[in-house]
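Inspection log for the structure reproduced underneath, given as structure tokens.
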Amino acid sequence: MNHSQPGILSPILSHARYLEFGLIPDADPITVLHELASRPLNHEMVIGLGPSLVQVLGKTIEGFHPFPSISGPGCTIPSTQADLWCWVRGDDRGQALHTARSVDPIVGSAFRCDSVLDGFRYGSGLDLTGYEDGTENPKDDAATEAAIVQRVGPGMDGSSFVSTQQWVHDLDHFGAMSQGERD
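Take the sequence shown: its position 18, counted from the start at 1, is 454 in my numbering, and no numbers get skipped.
The following block contains the structure:
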């Protein structure tokens, strides 16, 4: 198996920054992507390529496609695709900020930063409603089997697919619910 990005299987750290970049029109991303690929692999950053960027590169990846928008009564889930995604992780908020700041000089010639979102680990890994987050995540070899592409071939082995979600909690509404309604 090729090397995967260590941050994918590393424990969740205290702080994170999620950076989303769009390809600048008529920019050539190849040099930037080679520069990113030459960085040492560590648990502090995970890099992802979006479906539009893969298409611009003239490549196809089986099973990789844009997430569709979904809407129904009282709920809309937008499709918000980035061309380049960086998940920066650290045990210190300042460390995460400075690691994130190191990305823009590398990618700025081909990508514009469209979104920066700070994240943090709450308590022992709870979501903001107080429920334990990640209880269904596999562990050890099962995590590797679930998260890392294997036995597909060069260029894919060691890679992963990521789907991100940004939750907006109505904590007052949730707090007014009975325990049965919450569960």
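By construction, the Cβ of each residue, glycine as well, lies at the ideal position given by its N, Cα and C atoms.
Bear in mind the structure is a predicted one, so any value in this text is a computation, not a measurement.
* Asked: Are the region 449-462 and the region 542-560 in contact at 8 Å, needing three or more beta carbon pairs?
  -> yes
* To do: Identify which residue in P461, Q531, D527, S596 has its Cα closest to the Cα of L499.
  => What sits at residue 499 in the sequence shown is Gly, not Leu. Out of P461, Q531, D527, S596, S596 has the C-alpha closest to the C-alpha of G499.
* Straight-line CA distance for W603 to Y567? -> 14 Å
* **Cα-Cα separation, L485 to W521** => Approximately 6 Å, taken between the alpha carbons.
* Could you name the residues that DSSP lists as bridge partners for Y558? => L562
* Any chance you could list the beta strand (DSSP E) runs of at least 3 consecutive residues sitting entirely within the region 488-516, in chain order? => 506-508, 511-513
* Asked: Taking buried to mean at least 16 other C-beta atoms within 10 Å of its own C-beta, is H605 buried or exposed?
  -> exposed
* **Contact check, L472 vs I460, beta carbons under 9 Å** => Cβ atoms of L472 and I460: not closer than 9 Å.
* **Which listed residue (S515, Q517, I448) has its alpha carbon closest to that of G555** => I448
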